[in-house]
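Numbering (this note's numbering), first residue to last: 3 to 254.
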């Protein structure tokens, strides 16, 4: 297989804590996946993008979105996300994956560029280590992660545990002795920060971050990332009180 890199966005309508959050309007009649796609296409116009969802009939709704943005679309196993990722990559002949969670409308494109610039064939997995944790396990929602298809296939061979089938990279970073892993240093302004939650799991997250997104857009248009977000939150503590409560209730 030719070494080929693509964004793979994980999205579905089903959610235990907030069903349909991916199809509800988040900002100016745009859904969260639309906001993420606008960012990626603007910042990385030459990168292939795959929207990967479940084979549940209701998730066919995302096919229209993929067609409108002229990106790839894939439906796979609803209950086995690891298998879905492997199937999507193999179907589109992708060997290197930048995995993006559609819960994160505040993805930082500068950090994304830094991640991509560090990708090479010697690593199975690359992400950011934030306050001593892999970024995917934090509440920030600023980062993506890189994983090779070969690493996902190795996970598939080694475990059938539901935890590792649902959280597809967890087995990799918890077993560093059998994978070649690289952790990057994040934006220095997040070091030591604990009460920021920019990922969306619940209705409270959704409503809180809707307001923040609107305020940030008024201040910076589309040109805001980690620095601008943290500066805004420092001056608007009420938003962080909601975040602190949601962090307590939704620890990863």
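All C-beta atoms in this analysis are idealised placements derived from N, C-alpha and C, irrespective of residue type, glycine included.
Please name the residue in 7, 154, 221 and 193 whose C-alpha comes closest to that of residue 174. For the purposes of this step, residue 174 is taken as residue 172 along the chain shown, with counting starting at 1. Closest by alpha carbon: 154.
Quick check on the DSSP output: the beta strand (DSSP E) that includes residue 166 runs from which residue to which? Walking along the chain shown from the start, residue 166 turns up at place 164. Segment 164–168 is the alpha helix (DSSP H) holding residue 166; no beta strand (DSSP E) there.
Please specify which runs of the beta strand (DSSP E), each continuous and at least 3 residues long, are wholly inside the segment 34–59, giving them in chain order. Within the segment 34–59, the complete beta strand (DSSP E) runs of at least 3 residues are 50–56.
Could you check if residue 16 is buried or exposed, using at least 16 other CB atoms within 10 Å of its CB as the buried criterion? Within the chain shown, the letter at position 14 stands for residue 16. Around the beta carbon of residue 16, a 10 Å sphere encloses fewer than 16 other beta carbons of the protein chains shown; the residue is thus reported as exposed.
Between residue 37 and residue 51, how many whole angstroms is the CB-CB distance? I'm expecting something under 8 Å. As a first step, residue 37 is located in the chain shown; it is residue number 35 there, counting from the start. As a first step, residue 51 is located in the chain shown; it is residue number 49 there, counting from the start. Rounded, the Cβ-Cβ distance is 14 Å, inconsistent with contact.
Can you tell me the Cβ-Cβ gap for residue 113 and residue 188, rounded? I've got them flagged as a contact below 8 Å. The count along the chain shown starts at 1 and reaches residue 113 at position 111. The count along the chain shown starts at 1 and reaches residue 188 at position 186. Rounded, the Cβ-Cβ distance is 7 Å, consistent with contact.
Residues bridged to residue 136 (per DSSP): As a first step, residue 136 must be located in the chain shown, where it is residue number 134. Its beta-bridge partners are 131.
Check whether the segment 236–250 and the segment 55–65 are in contact - that is, three or more C-beta pairs closer than 8 Å. With the cut-off at 8 Å, the segment 236–250 and the segment 55–65 do not touch.
Return the first residue and the last residue of the beta strand (DSSP E) that residue 147 is part of. For the purposes of this step, residue 147 is taken as the residue at position 145 of the chain shown. Following the DSSP letters along the chain, one finds residue 147 inside the beta strand (DSSP E) bounded by residues 147–150.
Within 10 angstroms of its Cβ, does residue 101 collect 16 or more other Cβ (buried), or is it exposed? One-based indexing of the chain shown puts residue 101 at position 99. By the Cβ neighbour-count rule, residue 101 is buried, with 16 or more other Cβ atoms within 10 Å of its own.
Own chain, CB closer than 7 Å to residue 248, minus 5 neighbours either side, in chain order: Residue mapping note: residue 248 aligns to position 246 of the chain shown, counting from 1. In its chain, beyond the 5 residues on either side, 199, 204, 206 and 207 have a beta carbon closer than 7 Å to the beta carbon of residue 248.
Is the distance from the Cβ of residue 35 to the Cβ of residue 67 below 8 Å? By one-based count along the chain shown, residue 35 stands at place 33. By one-based count along the chain shown, residue 67 stands at place 65. Yes, they are a contact pair.
Note down the Cα distance separating residue 176 from residue 215, rounded to an integer number of angstroms. The residue you call residue 176 lines up with position 174 of the chain shown. The residue you call residue 215 lines up with position 213 of the chain shown. Going by the C-alpha atoms only, they are around 33 Å apart.
Can residue 116 and residue 186 be called in contact, C-beta distance under 8 Å? One-based indexing of the chain shown puts residue 116 at position 114. One-based indexing of the chain shown puts residue 186 at position 184. Closer than 8 Å, so yes.
Anticipated Cβ contact below 8 Å, residue 110 with residue 227, distance rounded: Along the chain shown, read from residue 1 onward, the residue named residue 110 stands at position 108. Along the chain shown, read from residue 1 onward, the residue named residue 227 stands at position 225. Residue 110 to residue 227, Cβ: 4 Å. Contact.
Inter-residue Cα distance where the pair is residue 139 and residue 70: Position 137 of the chain shown, counting from 1, holds the residue named residue 139. Position 68 of the chain shown, counting from 1, holds the residue named residue 70. Taken atom to atom, the span from the alpha-carbon of residue 139 to that of residue 70 is near 32 Å.
Classify residue 253 as buried or exposed, calling it buried when 16 or more other Cβ atoms lie within 10 Å of its own Cβ. The residue you call residue 253 lines up with position 251 of the chain shown. By the neighbour-count rule (16 or more Cβ atoms within 10 Å), residue 253 is not buried but exposed.
Secondary structure at residue 104, three-state DSSP: helix, strand or coil? Start at 1 with the first residue of the chain shown, and residue 104 comes out as number 102. Correct three-state label for residue 104: coil.
Whole runs of the beta strand (DSSP E) within the segment 61–95, excluding any shorter than 3 residues: As far as the segment 61–95 is concerned, its whole beta strand (DSSP E) runs of at least 3 residues are 74–78.
Cβ-Cβ distance between residue 218 and residue 230 below 8 Å: Start at 1 with the first residue of the chain shown, and residue 218 comes out as number 216. Start at 1 with the first residue of the chain shown, and residue 230 comes out as number 228. Remark: C-beta atoms of residue 218 and residue 230 approach each other more closely than 8 Å.
Assigned secondary structure, residue 234 (DSSP; H/G/I helix, E/B strand, else coil): Residue 234 sits at position 232 when you count from the first residue of the chain shown. Three-state DSSP puts residue 234 in a helix.
Mapping DSSP to helix, strand and coil, what is residue 181? Stepping through the chain shown from its first residue, residue 181 is reached at position 179. Here DSSP, grouped into helix, strand and coil, assigns residue 181 to coil.
Going by the beta-carbon positions, is the gap between residue 170 and residue 84 smaller than 8 Å? Position 168 of the chain shown, counted from the first residue, corresponds to residue 170. Position 82 of the chain shown, counted from the first residue, corresponds to residue 84. Their beta carbons are under 8 Å apart, which means residue 170 touches residue 84 by this criterion.
In three-state terms, what does DSSP make of residue 3? Numbered from 1 along the chain shown, position 1 holds the residue referred to as residue 3. In this prediction, residue 3 has a pLDDT of 46, which is less than 50 and means its spatial position is unreliable; nothing more can be read from the coordinates.
For residue 144 and residue 168, what's the separation of their Cα atoms in angstroms? As a first step, residue 144 must be located in the chain shown, where it is residue number 142. As a first step, residue 168 must be located in the chain shown, where it is residue number 166. Computed Cα separation, rounded: 21 Å.
Reference residue 106; option with closest CA among 65, 89, 123 and 137: Within the chain shown, the letter at position 104 stands for residue 106. The candidate whose alpha carbon is nearest that of residue 106 is 137.
Is residue 154 helix, strand or coil when you go by DSSP? Indexing the chain shown from 1 puts residue 154 at position 152. Reduced to three states, the DSSP call for residue 154 is helix.
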